[in-house]
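The numbering used here applies: residue 4 is where the sequence shown begins, and numbers increase by one.
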Amino acid sequence: MPRAAIMAAGLLAALHGPVARAQDVPIAETPGGASMAPVLLDATVVTATRAPTSLRDVPAAVSVVDRGAIRDARPTVSLAEPLNRVPGTFVQDAGNQAQGPRIQIRGFGTRAAFGVREIRVLLDGLPETLPDGQTELSGIDLDAIARIEVLRGPASSLYGNASGGVIQLFSEDPPATPTVESRTVAGSYGLLKTSLRGGAVAGNFGAFVQGSYFGIGGYRDHSAAYDGTLNAKLRWTPSDTTRVTFLANAFDVPLADDPGTLTWQQARARPRQARELNVRLDAGEAAQQVRAGIVVEHRTGPHALSAYAYALYRDFDSRQPILPENGDGVVAFHRTSPGGGLRYDLERPALGFAQTLTFGLDVQGQEDVRRRWSNVDGARGTLGLSERESVQGIGIYLREAVFVTGDVQVSGGVRYDDVAFSVDVAYPPGAPGGARTFGRWSPAGGVLWTALPWLSTYANVGTAFQVPTTTELANPDGAGLNPAIAPQVSTSWEIGARAGGGDLLEGGVAAYFLDLDDEIVPFESASGRTAFRNAGSSRRVGVELDARATLTPWLGSVLGGNVEWTGSFTAMHATYRRYATPAGNFDGNDEPGIPPWQAYQQLAWRRPDGAFVAVEGLFVGGFFVDDANDARARGYPLVNLRAGLEYDLGPLRVAPFAGVQNLADASYAAVVRLNALGGRFYEPAPGINVYGGVTLAARL
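As structure tokens, this is what we get:
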């Protein structure tokens, strides 16, 4: 389908989402508001499907993490903290700031050498994910986040280029009462993070600004890092039907050392050591980024129109542990990335049926001016490559959701994505460039039955299309593009249910079956650079459960406060059905990097006087770390304890807090590097460690 035709059709359209009842969701309401308590299903509004929608009307697996779960007595330094509770989601984070957390949803995301792959991430409606599918999380500061929504499974196909799901993050809104707040936390291994935030509303205008500094010496040798972030949200609400939000974000990471991976024997003997080659070649990175954007929303009667636009600039410089005789180990690029989109929703009965029709368009661009040099003891040596890489992505989508009866909704939609890559090589002279274009339709559909006011069930099927990123598409042995890499395609079937009964109990269950063709799998080439190849086909089968219950009626009188239990459980079997490589035939092997099961449990107690105590446990089953299934990362229990207190001291609200992480002092690999050479699969996790801090808030 020609790109010009896609653009012309898309300009008539806008985005997807289940039926959104305008009378229930006024434009002035904000998805990033205060934390949510367990309530009846139809009172919970989610936006992970891009249109504000009652949770009971979403025919897919959706989880919501509120402000309390993000911030209450937590260090707020890793997305693993709030996301560990989400079923189907597995986050690995060894505190290696040069690599960042590895986020999986239903096994998607395992191939990330750094950053996040196969998952779409948005912040306040603007995509953090680039058109090639890469997501960098350096600019996301949990001290600015009020709410997280995680959409798992095939419904994410309408976002385009995201096989696993969608993570929506919402920053704090301008507070109605002028507020200034500082938060400082310090802990083991030189941890120090301090944040300052504040905001106010005056008439139709509001502002929220947050900035922070983070520094750490690191659990392992050669793992020091420090950075600064700045986030701003300016909102203008000229009427009850129109809202305009200006967003800005900037971060500076001058230093992020990379200690590298170890063999199991090395990690067991001395887990705090760094890989010798990483130290010798000063492996690590530095980055700076600025992004500004605008989101406009307008609703009139049955019509709703929204649009967004943004522009991003990023400087990046990394030193990789690659010897000069094996290739270019210093990589630097300058990146520009503009983007925008439109969505139009029509919510008007048709033939006597309540329905919502949605059209949409997403357009993104990305241009990298990339250079590579040999790494001579951490300094730039001989220039090996200079090229300009461009990515253009256009997606259009259409969705229809109809209530065929008062309690049965049928929905269906389709998206077409066109992603074009091109490379112009300036050095070495005469080296070939190249261009590749990937395009595909991704249909999806579902049925939702609200059987009772407190119970909804659903079934859906969807396809997802995932192109290789520029990093994965690069030729690992020289300039240009790798012609052997193809996009991966997945088809998923899912059934599930959600139930809730007032403030006492709510929960959900989802079961799925998905097939993948041409799965993109990482391996380490002989040079030490991460390379990628396609597996023939894979299959994953899984089940996810989550629940939350208020135990106050039974324990509150004994403990003198509110007691809440939160739990989730995930089980998944992931196998290669057909996968032959020069290293061997892996048909029938388990996919590496995916735990067969994991469980999360938390018990939290909060008194009316402001005292708070919570104990949580994450239990993960052991899993293979290579395609041959010759090596494993063993399972582990991770137990954390945290506590805090809030009280007024004159005009100040004072909230000291403290925590102990890995209370059981478990020895495990916090991150694994799949298919690494020489058995260097593991980044060891710190043992028992502590932190403490204080929040000071003043209402002006």
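For each residue, glycine too, the CB sits at the ideal point set by N, CA and C.
With DSSP run on the structure shown, which of helix, strand or coil describes residue 400?
-> strand
May I ask you to check if the CB of residue 450 is nearer than 7 Å to at least one heavy atom of the ligand PLP?
-> With respect to the ligand PLP, the structure offers nothing, as it holds no ligand at all.
Going by DSSP, which residues form a beta bridge with residue 600?
-> 574
For residue 48, which of helix, strand or coil comes out of DSSP?
-> strand
Strand pairing of residue 673, partner residues [DSSP] | In the DSSP output, where bridge partners are listed per residue, residue 673 has none listed.
Simplified DSSP state of residue 456, which is helix, strand or coil | coil
Proximity below 8 Å, CB of residue 186 to CB of residue 696 | yes
Do you know offhand how far residue 230's Cα is from residue 222's?
-> 17 Å
For residue 494 and residue 111, the rounded distance between their alpha carbons = 13 Å
Rounded to a whole number of angstroms, what is the C-alpha to C-alpha distance between residue 701 and residue 256?
-> 30 Å
Quick one: give me the first and last residue of the alpha helix (DSSP H) that residue 71 is part of.
-> 70–74
Inter-residue Cα distance where the pair is residue 149 and residue 242 | 24 Å
Could you tell me how far apart the beta carbons of residue 557 and residue 574 are, in whole angstroms, since I believe they sit closer than 8 Å?
-> Contact doesn't hold; Cβ gap of about 29 Å is too wide.
What are the partner residues of residue 495, as DSSP defines its beta bridges?
-> 465 and 517
Do residue 278 and residue 309 have their CB atoms nearer than 8 Å?
-> no
So who's on the other strand from residue 291, going by DSSP bridges?
-> 255 and 318
Flag this pair as yes or no: are the beta carbons of residue 608 and residue 562 separated by less than 8 Å?
-> yes
Of the residues 81, 381 and 300, which one's Cα is nearest the Cα of residue 320?
-> 381
Consult DSSP for residue 646 and reduce its assignment to one of helix, strand or coil.
-> strand
Of the listed residues 459, 136, 523 and 569, nearest to residue 540 (C-alpha basis) = 523
On the DSSP bridge assignment, give the partners of residue 503 in chain order.
-> 509
So, is residue 208 buried or exposed, given that buried needs 16 or more other C-beta atoms within 10 angstroms?
-> exposed
Could you tell me which residues DSSP puts in a beta bridge with residue 579?
-> 541
In chain order, what residues of the same chain have a beta carbon less than 8 Å from the beta carbon of residue 617, not counting five sequence neighbours either side?
-> 75, 76, 605, 606, 607, 608, 644, 645 and 646
Touch test, the segment 291–298 against the segment 378–393, Cβ-Cβ under 8 Å, three pairs minimum = no
To the nearest angstrom, report how far apart residue 40 and residue 152 are at their CA atoms.
-> Any reading at residue 40 is ruled out, since the residue's pLDDT is 32, under 50, leaving its predicted position unreliable.
Pick helix, strand or coil for residue 378, following the three-state DSSP scheme.
-> strand
Quick one: is residue 356 buried, meaning 16 or more other Cβ sit within 10 Å of its Cβ, or exposed?
-> exposed
What does residue 407 pair with, by DSSP beta-bridge criteria?
-> According to DSSP, which records beta bridges pairwise, residue 407 is partnered with nothing at all.
8 Å CB neighbourhood of residue 433 in its chain, flanking five on each side removed | none
If we ignore side chains and look at the alpha-carbon of each, how far apart do residue 550 and residue 619 end up?
-> 14 Å
Do the CB positions of residue 181 and residue 703 come within less than 8 Å of each other?
-> yes
Taking the Cβ atom as the reference point for each residue, do residue 64 and residue 103 lie within a distance shorter than 8 Å?
-> no
Grab the span of the alpha helix (DSSP H) containing residue 280 for me, first residue to last.
-> 279–283
Residue 312 and residue 348: beta carbons closer than 8 Å?
-> no
When DSSP labels each residue in this structure, what does residue 567 get in the three-state scheme?
-> strand
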